[in-house]
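Colleague: Next up is a structure, given as structure tokens.
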Ligand code: C2E
Ligand code: CA
Ligand code: CA
Ligand code: CA
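In UniProt numbering, the protein residues as written are 351 to 626.
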């Protein structure tokens, strides 16, 4: 019967997926204490002169057998299991440590943006956590940016909003990540405690050949700029996309066209001449 057929597909595919899930979960438990994770850095640049505005830190898992595992596969597992709490502490400390090294080497305008998971926001007091890490590294608060996805803001508590405002008052920048994927209305932008709006790469990819996406992109950018938010477009892969975003008034871009995420030793020599 159809029921059995469906069940067979379910058991074969889901069985493999579940085994992989539990395998990676076990492996991750052991890996967090070791040196199997590392950060890569992808620049966000000024669209007019290609100067570096800041770097986004993106985590990688170097597994001894599986090779490099992408965050799209292991971050969701880390979130389900709350392992993201320990991993997230390591990510922030490592980003601050690297940034302090660059800062102390004379790059006073260095800024790194760190992705924060909704699970971290749920379990941690954001302000204390961030300020303590910054204090440990001796960095000024304006050297740090936090990327929080649009969907986190939709469910955000007043408490989270207060913590974000306190961080911003100290100089930490807040970016709303993956904007355009969370179904929040443009009018909520007026009330969000953020400095930077990151447009999801889906819009950049679609706007080139889909007029409706192009129009939505245009209104997002217009609205954000009117509200005096900095706009960053991610996922720029070709010149056509770059030209379109320039026409729409976007000042900051990120993507493979400029640079893939790279290990710190590759980006370390670059000079920081400007900030966002
Ligand atoms: P995200 O924060 O939206 O990061 C952007 C993703 O797009 C990154 O993938 C980046 O490498 C990729 N990307 C950059 N330029 C291009 C481009 O031109 N074309 C395309 N197709 N992709 C581009 P990555 O590094 O694999 O990370 C995937 C997601 O995993 C991130 O999406 C973020 O949600 C999560 N993630 C990565 N690192 C961290 C982290 O340190 N902490 C947390 N909580 N999540 C992380
Ligand atoms: Ca991000
Ligand atoms: Ca994104
Ligand atoms: Ca994302």
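From the three backbone atoms N, C-alpha and C, an ideal C-beta is built for every residue, glycine too.
(1) Per DSSP, what kind of secondary structure is residue 454 in: helix, strand or coil?
(2) Taking C-alpha atoms, which residue in 613, 458, 567, 587 lies nearest to residue 597?
(3) Can you find the residues in the same chain that come closer than 6 angstroms, C-beta to C-beta, to residue 393, ignoring five residues on each side of it along the sequence?
(4) Please specify which runs of the beta strand (DSSP E), each continuous and at least 3 residues long, are wholly inside the segment 366-438, giving them in chain order.
(5) Can you tell which of 475, 501, 411 has its C-alpha closest to the C-alpha of residue 384?
(6) For the alpha helix (DSSP H) that residue 482 lies in, which residues bound it at each end?
(7) To the nearest angstrom, how far is the alpha carbon of residue 590 from that of residue 559?
(8) Based on Cα-Cα distance, which residue from 362, 490, 473 lies nearest to residue 436?
(9) Under 8 angstroms between C-beta atoms, does residue 429 make it to chain B?
(10) Check residue 470 in the structure and name its three-state DSSP category.
(11) Taking the alpha carbon of residue 549 as the reference point, which residue from 605, 561, 540 has its own alpha carbon closest?
(12) Under 8 angstroms, do residue 543 and residue 521 count as touching if we go by C-beta distance?
(13) Rounded to a whole number of angstroms, what is the C-alpha to C-alpha distance between residue 476 and residue 510?
(14) May I ask which residues mark the beginning and end of the beta strand (DSSP E) holding residue 463?
(15) Three-state secondary structure (DSSP) at residue 506?
(16) Between residue 391 and residue 445, what straight-line distance do the alpha-carbon atoms span, to the nearest angstrom?
(17) Kindly provide the chain-ordered list of residues whose Cβ lies closer than 6 angstroms to any non-hydrogen atom of ligand 2.
(18) Does residue 498 come out as helix, strand or coil in the three-state DSSP assignment?
(19) Whose C-alpha, out of 483, 504, 407, is nearest the C-alpha of residue 461?
(20) If we ignore side chains and look at the alpha-carbon of each, how far apart do residue 377 and residue 426 end up?
(21) To test your reading of the DSSP string, which unbroken alpha helix (DSSP H) runs of 4 or more residues are found completely within the segment 543-586?
Modeller: In short:
(1) Three-state DSSP puts residue 454 in a helix.
(2) Among 613, 458, 567, 587, the Cα nearest to that of residue 597 is on 567.
(3) The answer, listed in chain order, is 402, 405, 609.
(4) Counting only runs of 3 or more, we get 387-396, 402-413, 417-419.
(5) Comparing alpha carbon positions, the residue from 475, 501, 411 closest to residue 384 is 411.
(6) Per DSSP, residue 482 belongs to the alpha helix (DSSP H) from 476-487.
(7) A direct Cα-to-Cα measurement between residue 590 and residue 559 gives close to 11 angstroms.
(8) Residue nearest to residue 436 within the set 362, 490, 473 is 473 (criterion: CA-CA distance).
(9) The structure shown has no chain B; it contains just one protein chain.
(10) Helix, per DSSP.
(11) It is 605 whose Cα lies nearest to the Cα of residue 549.
(12) Remark: C-beta atoms of residue 543 and residue 521 do not approach each other more closely than 8 angstroms.
(13) Computed Cα separation, rounded: 8 angstroms.
(14) Residues 462-465.
(15) Assigned with DSSP and collapsed to three states, residue 506 falls in coil, not helix or strand.
(16) Cα to Cα, residue 391 sits roughly 9 angstroms from residue 445.
(17) Those satisfying the condition are, in chain order, 406, 465, 497, 527.
(18) Residue 498 sits in a strand when the DSSP states are folded into three classes.
(19) Of the candidates 483, 504, 407, the one whose C-alpha sits nearest the C-alpha of residue 461 is 407.
(20) Roughly 14 angstroms between the two C-alpha positions.
(21) For secondary structure counted as the alpha helix (DSSP H) over 4 or more consecutive residues, the segment 543-586 holds these complete runs in sequence order: 551-557, 561-576.
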